[in-house]
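Heads up: the structure comes next, in structure tokens.
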Amino acid sequence: LNVSGTSVVQVTATDADDPSYGNSARIIYSILQGQPYFSVEPETGIIRTALPNMNRENKEQYQVVIQAKDMGGQMGGLSGTTTVNITLTDVNDNPPRFAQSTIHLHVPESSPVGTAIGSVKATDADTGKNAEIEYRIIDGDGTDMFDIVTQKDTQEGIITVRKPLDYETRRLYTLKVEAENIHVDPRFYYLGPFKDATIVKISVEDVDEPPIFSRSSYLFEVHEDIELGTIIGTVMARDPDSASSPIRFSLDRHTDLDRIFNIHSGNGSIYTSKPLDREISQWHNLSVIASEINNPKDTTRVPVYVRILDVNDNAPQFAVFYDTFVCENARAGQLIQTISAVDKDDPLGGQKFFFSLAAVNPNFTVQDNEDNTARILTRRNGFSRHEISTYLLPVVISDNDYPIQSSTGTLTIRVCACDSQGNIQSCNAEALLLPAGLSTGALVAILLCIIILLVIVVLFAALKRQRKKEPLILSKEDIRDNIVSYNDEGGGEEDTQAFDIGTLRNSAAIEDKKLRRDIIPETLFVPRRTPSAPDNTDVRDFINQRLKEHDTDPSAPPYDSLATYAYEGNDSIAESLSSLESGTTEGDQNYDYLREWGPRFNKLAEMYGGAESDKDT
């Protein structure tokens, strides 16, 4: 309060005595407690302040005891008391104050924009709205790098990052922060400005930062006909840290699944690894990754947009398949078809096509409409479908871009019978073109099926022919496959019981040649007879003659065959060793000559020589 004597409250007491009778009902007020801050008027009971400039910040609550006494306050009068609680209300008579003149804060350089790095707070002895403060940065070298926001509930100033920080660029910032009361009472302007200021020093801390690209994105344009390995552009990145670690570049393969591009890991040059085709893909959106070699986990990505520029590498073609016909009664110069073309390329000046015939045709001609269409006209009167039912007309289509591209499309023109209005009545032949739905793969499949069927037929015929040549005799006595051993030693030339060799000398006993029974003969022929050998012909000559016949006989077996004639040959100088003949000898034989035949007969000599010795013993 500014002055003393300010009325606070009035208290009133009542007395039941008759006020007209003396002083028994006359009341006087006095203060028993609350001095020296308050006083009371004796007659009225009004409580007033007794001291000037009472300060709520020093004492806010007061308890005042007032006494009311009758008989005019004289001795013997009766009294009563009451307690009055007085509270001083606040006024804005105190400015905000900072506790420190300098405040130090720290912030990592990697802190993103908007990050709160610390707070400042000024105190105000007032309460309520009289204590509301607003903070602002009024000076310093970091006014463009930091902001301050007032927190209403805590009455603090929150300092935040306004722009990205860089330890390598600047490590210390100084701010001058001011705190000011929002609601100022003009009555107290004389007390001075209701604001205060402090210095805030912010230190930037170094962190290991990922690489930084020179641009936020890259755009490269390249023609689609460039050679493989051509560099289309280069991305650049650096390590912002003071250590300046080398950078390694790579492509995110999820953005280049076809692996059309590649990148040099050392210098960031992007080059082609596969041919480009604008007609397949006009844009390629890549993502390049930069990482520190010393710390591969610190990576940064940047988008790279590659635009493929068009070159004239496609020839124009017919826009659709044309089913063209001409009436038999057509006249020269009659329009039978209007054609158009399309081109996959997209030149800057737009498409422009030219139509012409591949060669002069006596039946039809092409007239270019100069609007990317052309008309097919007849050159003569009358056509006959019985003579020629279909005409093939090659049409050359070219564009006007550089280099000029052209293609030849063939129109199949059917000759049909038409009425007078030109409507088709009948055609005796269809277009020679294959159905649009029959692809090359289907034709190849059909051709393979035909070839497989032919191979099966040939194999079946060969197998059937082989079966015809199989032997008819498949018994165990077949001398080609079985050797039958009887362990029977013959008796020599003189043993005539087993085989009569005289039969070989008798020409009459020799039967005519017979056809073989073990295979089916392919051709029938008359056996060739040979003259009979004389009776005095030696058996060896007979056998040689038969052997010669077998060698020259076309019906002889083409494979190895066993032919036995039971002929031993001429006599041996060792004479016969047959046990049969030995058994008929009257006297004992001397086998000493066996030793003279050489070492091969030593064993035989010992056997027979030893037997003789045993006999003598």
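Just add 10 to wherever you are in the sequence shown, counting from 1, and you've got my numbering. Backbone N, C-alpha and C fix where the C-beta goes; we use that ideal spot for every residue, glycine too. As the structure is a computational prediction, the values presented were derived from the model and not from experiment.
Item	Value
How would you call Ala384, buried or exposed, if buried means at least 16 neighbouring beta carbons within 10 angstroms?	buried
Less than 8 Å between C-beta atoms, sequence neighbours within five positions excluded: which residues of the same chain meet that for Asp28?	Ser34 and Ala35
For Lys474, count the other beta carbons within 10 Å of its own beta carbon; 16 or more makes it buried, fewer makes it exposed. Which is it?	exposed
Taking buried to mean at least 16 other C-beta atoms within 10 Å of its own C-beta, is Arg490 buried or exposed?	In this predicted model, Arg490 has a pLDDT of only 49, less than 50, meaning its place in the structure is not dependable; the value taken from the coordinates is given anyway. The residue is exposed, with fewer than 16 neighbouring Cβ atoms inside 10 Å.
By the 10 Å Cβ neighbour count, where 16 or more other Cβ atoms means buried, how is Cys7 classified, buried or exposed?	No statement about residue 7 is possible, as the shown extent of the chain runs from 11 to 627 and does not include it.
Output yes or no for whether 7 Å exceeds the beta carbon distance between Tyr39 and Ala78.	yes
Are three or more beta carbon pairs between the stretch 140-157 and the stretch 168-185 nearer than 8 Å?	yes
Taking all protein chains shown into account, do 16 or more other C-beta atoms lie within 10 angstroms of the C-beta of Phe48, making it buried, or fewer, making it exposed?	buried
What is the rounded straight-line gap between the Cα of Ala109 and the Cα of Gly167?	14 Å
Determine the extent of the beta strand (DSSP E) in which Leu387 is found, giving its start and end residues.	Thr383 to Thr388
Tell me whether Asn339 sits in a helix, a strand or coil according to DSSP, three-state version.	coil
What separation, rounded to the nearest whole angstrom, lies between the Cα atoms of Leu238 and Asp320?	17 Å
Considering Asp266, what are the terminal residues of the beta strand (DSSP E) in which it resides?	Per DSSP, Asp266 belongs to no beta strand (DSSP E) and is neither H nor E.
DSSP state of Glu630, grouped into three classes?	Residue 630 cannot be examined here, being either before or after the span of the chain that is shown, 11 to 627.
Which word fits Ser459, buried or exposed, when buried means at least 16 other C-beta atoms lie within 10 angstroms of its C-beta?	In the sequence as displayed, the identity of residue 459 is Cys instead of Ser. Its Cβ having fewer than 16 others within 10 Å, Cys459 is exposed.
Check His116 in the structure and name its three-state DSSP category.	strand
Between which two residues does the alpha helix (DSSP H) harbouring Asp551 extend?	Val549 to Thr562
The beta strand (DSSP E) spanning Ser89 covers which residue range?	Ser89 to Thr97
Does the distance from the CB of Ile241 to the CB of Tyr281 come in under 7 Å?	yes
So what's Pro52 in DSSP terms, helix, strand or just coil?	coil
Since I believe Gly128 is in contact with Leu185 (beta carbons under 8 Å), could you give me their beta-carbon distance rounded to a whole number of angstroms?	That pair is no contact at about 11 Å.
What first and last residue would you give for the beta strand (DSSP E) that runs through Trp293?	Trp293 to Glu302
Could you compute how far the alpha carbon of Glu440 sits from the alpha carbon of Asp333?	Its pLDDT being 43, under 50, Glu440 is placed unreliably in this model, and the coordinates cannot settle the point.
Taking Ile236 as part of the beta strand (DSSP E), name the residues at either end of that continuous run.	No beta strand (DSSP E) contains Ile236, which DSSP labels as neither H nor E.
Which value, in whole angstroms, describes the spacing of the CA atoms of Gln555 and Asn600?	41 Å
Taking the alpha-carbon positions, what's the Val21 to Gly138 distance?	30 Å
Is Ala455 helix, strand or coil by DSSP?	helix
Are three or more beta carbon pairs between the stretch 115-125 and the stretch 208-215 nearer than 8 Å?	yes
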